[in-house]
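J.:
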Amino acid sequence: MEQQKRYGHFDDQHREYVITDPQTPWPWINYLGNEDFFSLISNTAGGYSFYKDAKFRRITRYRYNNVPMDNGGRYFYIKDGDSVWNPGWKPCKTPLDFYECRHGMSYTRITGRKNGVEASVLFFVPLKKWAEVQKLTLKNESNEVKTLKLFSFEEWCLWNAATDMENFQRNFSTGEVEIEGSTIYHKTEYRERRNHYAFYHVNAEIQGFDTDRETFVGLYNEFADPQAVMEGKPRNSHAHGWSPIASHYIEITLQPGESKDFVFLLGYIENEQDEKFSAPQVINKQKAHALIAELDTTEKVDKAFAELCEYWDALLNIYKVKTGNDKLDRMVNIWNQYQCMVTFNFSRSASFFESGVGRGMGFRDSNQDLVGFVHQIPPRARQRIIDIASTQFPDGGCYHQYQPLTKRGNNDIGGGFNDDPCWLIFGTVAYIKETGDFSILDEMVPFDNQPGSEVTLFEHLKISMDHVIKNLGPHMLPLIGRADWNDCLNLNCFSWDPNESFQTTENVSEGTKAESLMIAGLFVVTGKDYVALCQKLSEYSDNSEYSDEAARMQQAVDAMIEAVKKHGWDGEWYLRAYDFYGRKIGSNECEEAKIFIESQGWCTMAEIGAEEGMVAKSLDSCKKYLECEHGMVLNNPAFTKYIYEYGEISSYPEGYKENAGIFCHNNPWVIIGECIAGRGNDAWSHYAKILPSYVEEKYQTLHKVEPYVNCQMVAGKDAYKPGEGKNSWLTGTAAWMWYTVSEFILGIKPDYDGIRIDPCLPETATDYTVQRKFREADYTITIHPNGSQKGVKTITLDGKPISGTVIPYSAGKHTVEVTM
Ligand code: BGC
């Protein structure tokens, strides 16, 4: 193996990842903000901010796939004599005497030192505030007096991030700003249909400013050497059209040992229609003044930061494990849960691989993200379920995605993905098991957001199940529709036209025989959940309608199991699908892609044919054909040519993305299958292969992307560079890794009436303790594995033995001892 350079390390005590070299193999980013105002920030302070929706309310500008990489962001230029530098190294790239970036829970601190001056910037979005704080601390560590010139820098985006990148014939004429004291206001389009503006403020007197990019940077200069900075002279420019920016200029003198704080604030404001202006053409700044007043001193900012830290303390106190294995504990206790919050907030919209303009909140994606988040803030999960269900159609189908700002289905992406409806059951059941809140099922929820169309959420679940039952193919297996979980297995789209999108081009539904074994497995898993839910409802309400419904669905589930056994088994593994013409996909008979991971995962989780040995054989086949050093690939052998009948999946070169990449999202499905089958050694070895903390230790350079979170895809064994990661942060992998480790490996499963204990561990596992807050209870659960992979022998609750594996719920503090 090539010698791996290290770029950083974990600091578990502070829940931080510490980057010590700015030249990481790819920008290593973090997310700021938890609810409405969000920012992406890289380890060199690149990135951007937006309000709620990365497409429709982009506050600052970012250029993707730029040269150099990750150019643009929030920059502080420090001019100390002839030397100009940035605490985050970029964009000047002046060599620093010291550099460090600490990414923490919703904050980032970047520190640089040069010639006896230290500049440390703390970036965060205070709770419930629509603003990003940038607290800059400048310290003179030398023995001489320092006279510094400081320039801040932000570039405004003209709100709609999509048109901002294309409609220059308009854009170059619309930009408008106002300057008042130390605050620069961005008010493009405010005079017409917008009722929002942004501002960039500093809590100090300024000696100059710039708001016109060309004037500040110079037409033939770059962010690395803006003319105003290089000459140490702001131009006091006032932008009219072109590209508005915000830059403050401050002259600072520091005695030896002296340090000074500056609080910069990037804020977003909305005004009522009749309160937009304080005078003709002058924006009403009342709310901005109020927001600034809340955060205009170091003390106020420190207090807001302490609140943010407490917020994360509380969130991360809900599930805490102590196994003695740092690499496992830090992922479970810190980073996996943190990533789950981020994927819940953004679905697949805004990362350094997702531009924020193309994709909103996915129907299936968000339901899966819920499973990683529901224990953190259940009321937000509840609202999300209602929002998602509101984009469903009366026949159970749904928009594939919706926009976070409007909560409306996104027509550009369309619908017809036949796995989508099942995920609503998955998400809702997880919510009820966590909270015991069955009342969510009585919520009145519209179809396609149409007022007057409301039915109960339970009715939505029912039509979701029925959508599968009403769309069965010739083998009584679910018709795939546009695609199932694998967006790129496009069996009803036949395209030779490179100008068409595989996802939105015609979905040939007439005469299709294309069926999905992945949906079959998913239907059995969620169908069993649905049956159990109906049984609970009938138990609690004494209403026979629910038991009838349970029986009806049990029949459908049984029929599906039979159909899979009869038509979905290939001898050593489950088939993947039938194509448009009814030919097998993912079979030994196929020339390439003989086996796929998705159906192995779902059919083993569903335990289809377990008694006949199908589950064990399928899991063995995953090891034999899909596993490699870096995880399990999606299919094997990889496609070497484009197959018109299969679509996008075969468009990728071998080893990437859906063509035999290690699509991390689906590895946990097989791992859970292993856990259900009781094969703890295998489950663990698959799990550790894609666990970031193990990867960070071994492959920092090769892996390339952030070593503290999972990425969507790692190049598979057929790729040019197996092990190289891509598409970090926004991936269903986060929630699935969490679900896998918290519930199936460590074995702490929320259930309707309590917590079910059912670990599945490697033989080498030693005693461990899980601290689990659950509803109004707080459990300390110690597990003694005794070398066993699976099977709970005894449980005591507060010293008294209980029968079965469910700890009955009761409020208060409890101690639980489990022997296996
Ligand atoms: C999408 C998922 C999809 C997966 C596999 C992801 O990018 O967000 O919805 O299931 O790719 O194609």
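Residue numbering for the sequence shown follows the numbering used here, beginning at 484 and increasing consecutively.
Even glycine gets a Cβ: it sits at the ideal position worked out from N, Cα and C.
Computed from a predicted structure; not experimentally measured.
Report yes if the C-beta distance between I1240 and V1275 is below 7 angstroms; otherwise report no.
T.: yes
J.: With distances taken Cα to Cα, identify the nearest neighbour of H1050 among P957, G664, E1179, V765.
T.: P957
J.: May I ask you to verify whether the region 1012-1029 touches the region 980-993, counting CB pairs closer than 8 angstroms and requiring at least 3?
T.: no
J.: Are the region 707-717 and the region 738-752 touching, with three or more C-beta to C-beta distances below 8 angstroms?
T.: no
J.: Across which residues does DSSP place T620 in a beta bridge pair?
T.: T620 pairs with S603, D744.
J.: Which residues in the same chain have their Cβ closer than 7 angstroms to the Cβ of L791, if we skip the five residues on either side of it in sequence?
T.: S589, Y590, F607, P609, L610
J.: Helix, strand or coil for D1261, going by three-state DSSP, please let me know.
T.: strand
J.: Is the CB-CB distance between S665 and F747 below 7 angstroms?
T.: With respect to F747, S665 sits apart: the two C-beta atoms are not nearer than 7 angstroms.
J.: Which residues are close to the ligand BGC, meaning CB closer than 6 angstroms to any heavy atom, in chain order?
T.: R831, G845, R847, D848, W968, N969, D970, C971, E1141
J.: Using a Cβ-Cβ cutoff of less than 7 angstroms, which residues in the same chain neighbour N1210 once the five nearest sequence positions on both sides are dropped?
T.: F836, C1194, Q1195, M1196
J.: With a threshold of 7 angstroms on Cβ separation, who are the neighbours of M484 within its own chain once the five nearest residues in sequence on each side are excluded?
T.: Here the model assigns M484 a pLDDT of 47, short of 50, so the residue's position is not dependable and the matter cannot be decided.
J.: Whose CA, out of T1263, G1287, F1257, T1249, lies closest to the CA of N1269?
T.: Cα-wise, what sits closest to N1269 is T1249.
J.: My output table needs one value for H943: the three-state DSSP class, helix, strand or coil.
T.: helix
J.: I'd like to know whether the C-beta atoms of R1258 and G910 end up nearer to each other than 7 angstroms.
T.: no
J.: For G898, which of A711, A687, G845, L924 has the nearest alpha-carbon?
T.: In terms of CA proximity to G898, G845 leads the group A711, A687, G845, L924.
J.: If you follow the beta strand (DSSP E) that H684 is in, where does it begin and where does it stop?
T.: 679-685
J.: Looking at D1234 and V1289, is the spacing between their C-beta atoms short of 7 angstroms?
T.: yes
J.: Return the CA-CA distance between E1179 and P1190, expressed in angstroms with no decimal places.
T.: Within the model, the alpha-carbon separation for E1179 versus P1190 is close to 5 angstroms.
J.: Output the residue ranges of the alpha helix (DSSP H) runs that lie fully inside the region 865-939 and measure 4 residues or longer, sorted by chain position.
T.: 903-918
J.: My parser needs the alpha helix (DSSP H) runs of 4 or more residues fully inside the region 720-797; what are they?
T.: 769-777
J.: So, helix, strand or coil for R696, using DSSP?
T.: helix
J.: With C-beta atoms as the reference, is A966 less than 7 angstroms away from L972?
T.: yes
J.: Under 7 angstroms between the Cβ atoms of H1267 and T1302?
T.: yes
J.: Helix, strand or coil for M1115, going by three-state DSSP, please let me know.
T.: strand
J.: How is E499 classed by DSSP in three states: helix, strand or coil?
T.: strand
J.: With a CB to CB cut of under 6 angstroms and the five nearest residues on each side skipped, what residues in its chain are close to S838?
T.: Y547
J.: Quick one: what's got a C-beta closer than 6 angstroms to T939's C-beta in the same chain, skipping five residues either side?
T.: D925
J.: Starting from D1103, trace the alpha helix (DSSP H) in both directions and tell me its first and last residue.
T.: 1097-1104
J.: Taking P505 as the reference, give the member of V928, G571, L515 with the closest Cα.
T.: G571
J.: Which same chain residues end up closer than 7 angstroms to N1149 when comparing Cβ atoms and leaving out the 5 residues on each side of it in sequence?
T.: I1080, E1081, G1084, L1117
J.: Taking three-plus beta-carbon pairs below 8 angstroms as touching, is the region 775-790 in contact with the region 576-585?
T.: Look at the beta carbons and you see the region 775-790 not touching the region 576-585: under three pairs across the two are nearer than 8 angstroms.
J.: Comparing alpha-carbon positions, which option in D903, G530, S1271, T1247 lies nearest G807?
T.: T1247
J.: In this structure, how does DSSP classify C1147 when only helix, strand and coil are distinguished?
T.: helix
J.: Which of the three DSSP states is assigned to D1234 in this structure?
T.: Strand at D1234.
J.: Restricting to Cα atoms, I'd like to know which of Y1061, F682, T1223 is closest to A729.
T.: Taking only the C-alpha atoms, the option nearest A729 is F682.
J.: Who does C1017 pair with in a DSSP beta bridge?
T.: According to DSSP, C1017 bridges with nothing at all.
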